[in-house]
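Numbering (the working numbering), first residue to last: 234 to 797.
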Ligand SMILES: Cc1cc2nc3c(=O)[nH]c(=O)nc-3n(C[C@H](O)[C@H](O)[C@H](O)COP(=O)(O)OP(=O)(O)OC[C@H]3O[C@@H](n4cnc5c(N)ncnc54)[C@H](O)[C@@H]3O)c2cc1C
């Protein structure tokens, strides 16, 4: 079937059609309603709030008009990169953001073939990485976006490094990635830090490394190029002209709106993890998570997605959408013995943080712990330094290339988590069982079996690699709680390498671009931890491309591509 024609039936119409068909075919037996059978079904036939037409805005409520070449909605990493890139091309640029200042968090950034990688002799098979990434998504992505990222991300990283250097920042490669055989991560992860700064990262917060230092540097550079930042100015409507092209945005407080007339509009409003209705629709499994974290708190409500859909744009075609869902704090994703609330082992602990976050939810009460003894943190160091383990929330978030795992820093982080109750500590297994509220006999038997596996150097129960089996025998004993935490939703608006928002029919809405987490088609099912920092990586690469496109220039001319 012609690709365009495939898109002519909307996802919603298709679902409604199949519901009608099902109802007609089944007339005798009492069938449970969809909501009874699948309480969180993504194909729930209810009408979602964003399907309702947008409420009209009266002209009298618009108090001011601003004309600009490019209007960017959102001052996160992707929006600021887009704004700066457009300004470098000579465009006048306005940014609106609903918060009081820019947004940043984390700090891992994927790029392929950057100058820093070349300088350090880090080589990757980029084609293989992209093939793995497509396999991770079971092929349900717009592949051209991935290959474009592969070709241009290195040059976009080099551009970022040069700007960051002007603002006193240095770049490093991350060495804590998983080097084991099963969830192999690639050495593609960059991060920025203040020269001589403290790289500790606790509960999602660092002060002198990561995007908390990079994003303000980029904002400052953008201001120096004439970009105007309008904070505390929420965008509420995307405007289109009579020909259907994007023509601006209405933003500000109700009754005191500003109309920004623009030749191009870039949606950079981030994801929708703080919008539970959207999560229920597009990724219902995420509602099982224990916690959610974002900075600025709860700003990621999917506003740009709603505005774009109201302007005729479509969401990506495949669900469930991927989620960045990590084990935050307490347990990290340490691969020690994992036990559930019954005191029983239930899995091979040598899997990535995404997998653990989801599978531990299947255990009774969704409760699980990682259990180790006095030597646990030293064993982490040995495993990491030997290249046996690692990965997101296992290795240190800002462990520099070749620096080795900082065991003292890890122990101080452990002490903090003991204080805040995320890690329990006890002098005996019985006491630890009591604190964990698990049956002591069962727990002791589980530990005895695990120690037996260690002695055998074999795990016939769950197939864990023998190098990762460690004994649990020397007090104090620790239990870190596995806390599955939603960071970011990774589904968004349908697009292609033009970076314009597409309609259900696959037609671009001219001059309406989408970047960062609001952009769809890049991930499906699960966030591919094979490239730690791919979320930020795409913010920079596609942010830069969209800024150039929105300014009327050609990214193929301005961004060098590598052959992959
Ligand atoms: C704790 C944590 C750590 C993370 N670490 C990493 C990491 O190391 N590597 C990685 O790749 N990813 C990481 N992520 C995910 C990553 O931060 C995001 O995917 C990415 O930064 C999104 O950038 P963005 O520019 O698309 O959106 P955001 O950074 O969310 O910026 C969107 C901006 O749009 C504004 N906005 C929203 N709605 C409106 C509106 N209506 N009007 C005006 N403005 C609006 C918001 O206020 C916000 O400033 C992490 C996430 C979390 C929560």
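Cβ atoms here follow ideal geometry from the backbone N, Cα and C, with glycine treated the same way.
Small disclaimer: the values here were computed from a predicted structure and weren't measured.
Distance cut-off 8 Å: residue i Cβ against heavy atoms of ligand 1
{"i": "residue 475", "result": "no"}
{"i": "residue 575", "result": "no"}
{"i": "residue 800", "result": "Limits of the chain in this structure are 234 at one end and 797 at the other, which puts residue 800 out of reach."}
{"i": "residue 311", "result": "yes"}
{"i": "residue 331", "result": "yes"}
{"i": "residue 720", "result": "yes"}
{"i": "residue 197", "result": "Here the chain covers residues 234 to 797 and nothing more, so residue 197 does not appear."}
{"i": "residue 557", "result": "yes"}
{"i": "residue 391", "result": "no"}
{"i": "residue 533", "result": "yes"}
{"i": "residue 585", "result": "no"}
{"i": "residue 546", "result": "no"}
{"i": "residue 528", "result": "yes"}
{"i": "residue 566", "result": "no"}
{"i": "residue 335", "result": "yes"}
{"i": "residue 669", "result": "no"}
{"i": "residue 554", "result": "no"}
{"i": "residue 340", "result": "yes"}
{"i": "residue 420", "result": "no"}
{"i": "residue 306", "result": "yes"}
{"i": "residue 728", "result": "no"}
{"i": "residue 466", "result": "yes"}
{"i": "residue 540", "result": "yes"}
{"i": "residue 504", "result": "yes"}
{"i": "residue 630", "result": "yes"}
{"i": "residue 768", "result": "yes"}
{"i": "residue 624", "result": "no"}
{"i": "residue 469", "result": "yes"}
{"i": "residue 748", "result": "yes"}
{"i": "residue 765", "result": "yes"}
{"i": "residue 536", "result": "yes"}
{"i": "residue 772", "result": "yes"}
{"i": "residue 601", "result": "no"}
{"i": "residue 501", "result": "yes"}
{"i": "residue 484", "result": "yes"}
For residue i: DSSP bridge partner residues
{"i": "residue 759", "result": "757"}
{"i": "residue 462", "result": "328"}
{"i": "residue 529", "result": "Partner(s): none; residue 529 has no beta bridge."}
{"i": "residue 483", "result": "470, 492"}
{"i": "residue 746", "result": "499, 733"}
{"i": "residue 722", "result": "556"}
{"i": "residue 442", "result": "426"}
{"i": "residue 571", "result": "603"}
{"i": "residue 305", "result": "328, 499"}
{"i": "residue 712", "result": "604, 657"}
{"i": "residue 298", "result": "492"}
{"i": "residue 542", "result": "DSSP lists no partner for residue 542."}
{"i": "residue 342", "result": "423"}
{"i": "residue 524", "result": "718"}
{"i": "residue 752", "result": "726"}
{"i": "residue 741", "result": "735"}
{"i": "residue 548", "result": "726"}
{"i": "residue 633", "result": "407"}
{"i": "residue 698", "result": "The partner list for residue 698 (beta bridge, DSSP) is empty, contrary to what the question assumes."}
{"i": "residue 578", "result": "572"}
Span of the beta strand (DSSP E), counted from its first residue to its last, around residue i
{"i": "residue 403", "result": "402-406"}
{"i": "residue 775", "result": "Counting along the chain, residue 775 falls outside any beta strand (DSSP E), though it belongs to the alpha helix (DSSP H) covering 767-783."}
Residue i - containing alpha helix (DSSP H), residue span
{"i": "residue 369", "result": "359-369"}
{"i": "residue 788", "result": "788-791"}
{"i": "residue 310", "result": "310-321"}
{"i": "residue 611", "result": "609-618"}
{"i": "residue 351", "result": "348-352"}
{"i": "residue 587", "result": "586-592"}
{"i": "residue 284", "result": "That residue, residue 284, is in no alpha helix (DSSP H); it is neither H nor E in DSSP."}
{"i": "residue 518", "result": "Note, residue 518: premise wrong, no alpha helix (DSSP H); not H, not E."}
Residue i beta carbon near ligand 2 (any heavy atom closer than 8 Å)
{"i": "residue 444", "result": "This structure does not include ligand 2; its bound ligands are ligand 1."}
Report task. Let me know the alpha helix (DSSP H) ranges lying completely inside the region 373-439, each 4 residues or longer, listed in chain order. Result -> 376-399
**Report entry** Complete runs of the alpha helix (DSSP H) confined to the region 640-675 [at least 4 residues]
**Finding:** 640-652, 662-669
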